[in-house]
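In what follows, a structure is listed as C-alpha cells, so that the remarks can point back to it.
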Amino acid sequence: MASSKASRQSSGGAIYLNGNIYTVASSDWDTQPKNAMVVQDGIIIYVGSDGEAKNFYTDEYEMYDLDGATVLPGIHDVHMHPLEAGSEVGGTCELPSDLSPEDMIGLIKKQAPKQKGTNWVLGHGYSIEMMLEHIESGGRSPREILDEAVPNKPAIMMEETSHSVWVNTRALSLAGINSQTTEREGGIIMREKGTEEPNGILFENEGIEIMDIAMAPSAKMEKYNYEGLIYALDQIKKYGITSICDARVYWKQEHHKAWQKACADKKLTVRAILGFWVYSHMCDEEQIENLKQLHTEYHCDDNCLLRQNQIKMYADGLLNNTTAALLKPYIKKLNLTGLEENTGMNYFTQDRIEKYIKSLQHFSDEKQFDFHIHAIGDRAVHEVLNAIENTKENNTRHRMTHLELIDEGDLGRFKDLEIVADFQVSGDYTLPCERHSTESVVGTERAENFIPVKSVADTGATVTLSSDWDVSDLNPFIGIQHAVERDHQSVSIKQAIEMYTINGAYAMRQEHIVGSLENGKEADFVVIDSDVMKIPNSKISKIKIKMTVLRGDVIYRHKGKYPKSAKP
21 MASSKASRQS SGGAIYLNGN IYTVASSDWD TQPKNAMVVQ DGIIIYVGSD
71 GEAKNFYTDE YEMYDLDGAT VLPGIHDVHM HPLEAGSEVG GTCELPSDLS
121 PEDMIGLIKK QAPKQKGTNW VLGHGYSIEM MLEHIESGGR SPREILDEAV
171 PNKPAIMMEE TSHSVWVNTR ALSLAGINSQ TTEREGGIIM REKGTEEPNG
221 ILFENEGIEI MDIAMAPSAK MEKYNYEGLI YALDQIKKYG ITSICDARVY
271 WKQEHHKAWQ KACADKKLTV RAILGFWVYS HMCDEEQIEN LKQLHTEYHC
321 DDNCLLRQNQ IKMYADGLLN NTTAALLKPY IKKLNLTGLE ENTGMNYFTQ
371 DRIEKYIKSL QHFSDEKQFD FHIHAIGDRA VHEVLNAIEN TKENNTRHRM
421 THLELIDEGD LGRFKDLEIV ADFQVSGDYT LPCERHSTES VVGTERAENF
471 IPVKSVADTG ATVTLSSDWD VSDLNPFIGI QHAVERDHQS VSIKQAIEMY
521 TINGAYAMRQ EHIVGSLENG KEADFVVIDS DVMKIPNSKI SKIKIKMTVL
571 RGDVIYRHKG KYPKSAKP
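Every position in the sequence shown, counted from 1, becomes a number in this note's numbering once 20 is added.
Below, the structure is given as C-alpha cells:
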C-alpha cells in the first residue's frame, strides 16, 4: 500500500493563555503547573507564563483564553479493541449477562434478522459463569438451545469477555467440529455429559477459529469493518485519547486493511499501532513468514499516524473461567475438559513464545516487532518473563498485559528485563469492594494482591494503565480514579497520569515526540473541566473533556466556542 501521510493542517500558530497546564515533563510537574502554551505548525514552542507567551503574538497567531481549565498531555491507551468495539457485525444480538441461556431464546430470535455483513448470526454479552452453572445443574444442551433460537443459520454468541463462544449445530458443522475432533493447542471443546458430542461451548482458540470462518473477508465485511473503525475513532477522541494500540488485529479477517484505508483517507484522529494476532493453531513457520510480510508490505513515513509493528499473543486465558495459568490449583472447580489439574491452560507454551520472539523481534536490519503478551495467571506471567529473558536483545520494548496475579519472586523482573507492565483497573471487579469474587476463584491469599500495580511500580518498572475497551469503559479518568482507590495497591494521582501519558508514549516508542508538553514536542493535549490533582478522588471519573488536540489541530470540542478568543 502506498505511503499514507497525515498532514498537519495547522497554519500559523496558537497561543493558549490562562490555563492550568500539567506538563508531565519534570519531577515536580504536579506542583508546578504552567499558565500558557504556544503551538506553531503543530509543534510546541513554549510552555510557561502568560506574559512570555504573549510576546510570541503576531497576526499569524490565534490567541485563546483557557479560562483556568486544566491541560494534560494527550492520553495514551495502549490496550483496546476499537474495530471490534465499533463494529455492527459481531454484536448484532446483544445478550444481557444476567439472563439464563433458556431466557435468551426470544431475545436472539428477535434480534437475529438484523444481522449485517455475514450469513451467520452473531451476538455478544452472555455470562460464561451462568452458562456453566446451567450445564452443571443439568440444564438443556447449550447447542440445542441455540438451535431453537436460530434453526436455519449458523450462529455464534460470544461471551462478555470474548474468551469463549456459544454456537449452534450448523456452526459446529461448518467448522468441522464433531465427536471425533480433538482440541487444538490453546482451545477447549466442551462435550455433552457422558459422550464426545460437542455441547456448543468453545473456549479460547476454538472460539477464535470459528469466528474467523463467520467473519471471513468479503466486500460487505470490508465495508462494516471500516465503518466500525470510524465510529470507534469518533468515540475515542471524546475522551482525550490521542494515541492507542489495537491489541488484537485479526489479520485473517483483514482488520488491518480498515486501518490502512482510514489512514489513506486521512480519517485517523489518533496515533495508532496495530498488534497483529498470533493464531495458536497455525504452523509456526508459516505464520512467522505471514507476520513478517504484514510488517514489510506497509510503507509509512515519519508523518504517518499508523504503524504496524506489534505482535499480540496470549499466554493463557482468564481467571473467572479457570483457564488462566496458575502455579497452584484454583479454589473454584469447573471441571473443564483437559484441565483436570485445575491450574489453567497455556494458549502458547514458553517454548513457542520464545520461538516467535526470536524470529520477529529483529527480523532484518530495519524491521522489528515489539511483543504485547496477555498473561493473567502467575504461571503464565512467570513463563513469559522467562521467554523474554531467554531471548533478550537490545532495543526491545516488549509489554505484558493484565498481570492479575504475579508471584512475589517475579515482581522485580519487569524492571530488570526492561518489560513494560500494562494493567487495566477500569472495571469495578478490580476494586477492593469486589475482592470477594476473586477470592472465590483463587482464595484469599492470592486475591489480596490481585492486579498488583503498586507492587510493580515500586520496583521502578515502567507501568502503563489502559482500558481494554470494550471489555471495560473507555473513559481513562475512571481508570485513574480506580488506580488511586485500591487500598494497598493504590498509586498516586501523579503516577496514574504518568501511566496514561509519558509511560504509554514510551511503550509506543514515541516519548521523544509526545507524552509530555514541552518545547519541540508535537501538540497532543486534552483540556478538562476540573483540576485532576486537587479534586476529591471520588470525582475524578466525572471529569469532562472540553477539547482534544492532535498535532495542534482541535479534533474534539465538547460544545460551544471554547476556548474564547483572547486576541488584543
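In this text, a Cβ means the ideal position worked out from N, Cα and C, and glycines have one as well.
Helix, strand or coil at residue i [DSSP, three-state]
i	result
H319	coil
D97	strand
S283	It should be noted that the sequence gives Cys, not Ser, for residue 283. Three-state result, C283: helix.
S23	Unreliable positioning characterises S23 in this predicted model, as indicated by a pLDDT of 33, which lies under 50. The coordinate reading is nonetheless provided below. Of the three classes helix, strand and coil, the one that applies to S23 here is coil, per DSSP.
P237	coil
M302	coil
G158	coil
N340	coil
D118	coil
F296	strand
L346	coil
E179	strand
Q273	helix
V58	strand
N40	strand
I555	coil
K312	helix
L405	helix
K584	strand
G33	strand
T450	helix
S47	coil
R28	Model confidence at R28 stands at a pLDDT of 43, short of 50, so the residue's coordinates are unreliable; what they give is reported in the following sentence. Note: R28 maps to coil in three-state DSSP.
Nearest-angstrom Cα separation, counted from residue j out to residue i
i	j	result
E468	L451	11 Å
V298	I331	7 Å
T369	S300	10 Å
T342	S487	22 Å
I439	Q255	30 Å
G32	V546	20 Å
K495	K213	Residue identity check: residue 495 is Asn in the sequence provided, not Lys. If I take the Cα positions, the gap works out to 43 Å.
M420	F443	9 Å
G447	G499	8 Å
S72	Y36	Sequence inspection shows Glu at residue 72; the Ser mentioned does not correspond to that position. Approximately 12 Å, taken between the alpha carbons.
M124	L326	40 Å
S492	S182	12 Å
T289	T262	7 Å
D232	H101	16 Å
N410	V462	29 Å
Q597	K243	In the structure as shown, the chain begins at 21 and stops at 588. Residue 597 is therefore absent and cannot be evaluated.
R571	V534	9 Å
K277	D321	18 Å
H578	L142	34 Å
S161	M567	51 Å
H418	S147	32 Å
Proximity below 9 Å, CB of residue i to CB of residue j
i	j	result
E108	A34	no
V187	G220	yes
R268	M528	no
T357	E149	no
D427	N329	no
A525	S510	no
T484	F470	no
P174	R163	no
N55	S46	no
I522	V552	no
P588	D87	no
A400	A441	no
Element boundaries [alpha helix (DSSP H), containing residue i]
i	result
M519	513–520
G106	102–106
R417	Element bounds for R417: n/a, residue is neither H nor E.
S460	455–462
S193	189–194
L127	125–131
K435	433–436
Beta strand (DSSP E) segment containing residue i, residue limits
i	result
R268	261–269
E82	81–85
R577	573–577
F443	440–443
V67	63–68
R327	326–334
L142	141–146
T568	565–570
What residue ranges within the stretch 365–397 form continuous beta strand (DSSP E) runs of no fewer than 3 residues, ordered along the chain?
-> 390–395
Scan the stretch 477–549 and note each continuous alpha helix (DSSP H) run of 4 residues or more that stays entirely inside, going in chain order.
-> 496–503, 513–520, 522–527
Where are the beta strand (DSSP E) runs, 3 residues long or more, that stay fully inside the stretch 197–254, in chain order?
-> 207–211, 218–224
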